[in-house]
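To start, the structure itself, in structure tokens.
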């Protein structure tokens, strides 16, 4: 029997991801799946007579599975509690969309991480330069390099105290990292991201990218990350020290794959869909 799935995106993200969305829907059909684009904004979660319910404006029956391509760990957990398999699952969404929880997870896995403390406005946690980032930012956003007292005072005056912020000393090579694409427990590929103009290496912020051959010692670090959590599709980002040793920086839940398309012919959505089929 053909499985029916939802591909959930926020409305504002659909047009810039149109190519990927069309790929998912076309490939799903070729794999005998029915995949429907559903807007995040069309779903309202509720408790009625003590029971979880989805009030939806889609007209579609509840799906057999969901590919959740936006960030809302509480919605992921809610949908999963209804018995619907969600990719990525609630544990991945909760941990990977909070950098503080990510570092706690990595620490428990004995994976190297940057020294990290909560950032308190008006205090200097490390010698300059140091980095301040929100625990929930992604794509290189809400990440700041403070080089001196003037930078710190400007940051304190402008940034929201309602967000949770962490501070780290400048760690690893300046403007470089390695993103490793993961599906399930499979290492799909790795890319070296680098910028000549910014301490952030993100490809979408103007950085460059090239294929990166993983060393055995790096794969060993990755295996420590992969064992405890049941990943769907994620990007694991590592800083590099001067000896090419990995330092975990973050794990991207709703991982983008533009840098992978730039450096290879790997069909990431196809690999992901085949993984999902294996889990249904």
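In the working numbering, the protein residues as written are 521 to 800.
Each residue gets a CB set at the ideal place from its N, CA and C atoms; glycine is no exception.
Taking residue i as the reference, which of the options has the closest Cα?
i, options, result
"residue 604", "581, 591, 670", "581"
"residue 653", "646, 687, 784, 698", "687"
"residue 761", "732, 691, 785", "691"
"residue 730", "595, 781, 558", "781"
"residue 628", "741, 606, 600", "741"
"residue 613", "533, 590, 585", "590"
"residue 522", "606, 561, 570, 584", "584"
"residue 673", "643, 776, 798, 796", "643"
On the DSSP bridge assignment, give the partners of residue i in chain order.
i, result
"residue 753", "703"
"residue 758", "698, 768"
"residue 654", "685"
"residue 712", "698, 730"
"residue 663", "653"
"residue 638", "686"
If we call anything under 8 Å between Cβ atoms a contact, is residue i one with residue j?
i, j, result
"residue 746", "residue 758", "no"
"residue 708", "residue 791", "yes"
"residue 702", "residue 641", "no"
"residue 656", "residue 608", "no"
"residue 559", "residue 539", "no"
"residue 798", "residue 788", "no"
To the nearest angstrom, report how far apart residue i and residue j are at their CA atoms.
i, j, result
"residue 632", "residue 739", "13 Å"
"residue 526", "residue 615", "23 Å"
"residue 770", "residue 666", "20 Å"
"residue 567", "residue 573", "6 Å"
"residue 549", "residue 664", "43 Å"
"residue 537", "residue 713", "21 Å"
"residue 635", "residue 546", "44 Å"
"residue 840", "residue 733", "Nothing can be reported for residue 840: it is not among the residues displayed for the chain, which extend from 521 to 800."
"residue 541", "residue 610", "22 Å"
"residue 683", "residue 564", "25 Å"
"residue 660", "residue 772", "11 Å"
"residue 535", "residue 671", "36 Å"
"residue 595", "residue 532", "18 Å"
"residue 765", "residue 737", "8 Å"
"residue 637", "residue 620", "9 Å"
So, does the CB of residue i fall closer than 8 Å to a CB anywhere in chain D?
i, result
"residue 712", "Of the protein chains in this structure there is only one, and it is not chain D."
Inside the region 524-558 only - alpha helix (DSSP H) runs reaching at least 4 residues: Those alpha helix (DSSP H) runs which fall completely within the region 524-558 and span 4+ residues are 531-534, 538-550.
Go through the region 554-611 residue by residue and report every complete run of the alpha helix (DSSP H) that reaches 4 residues or more, in order. Listed in chain order, they are 593-601.
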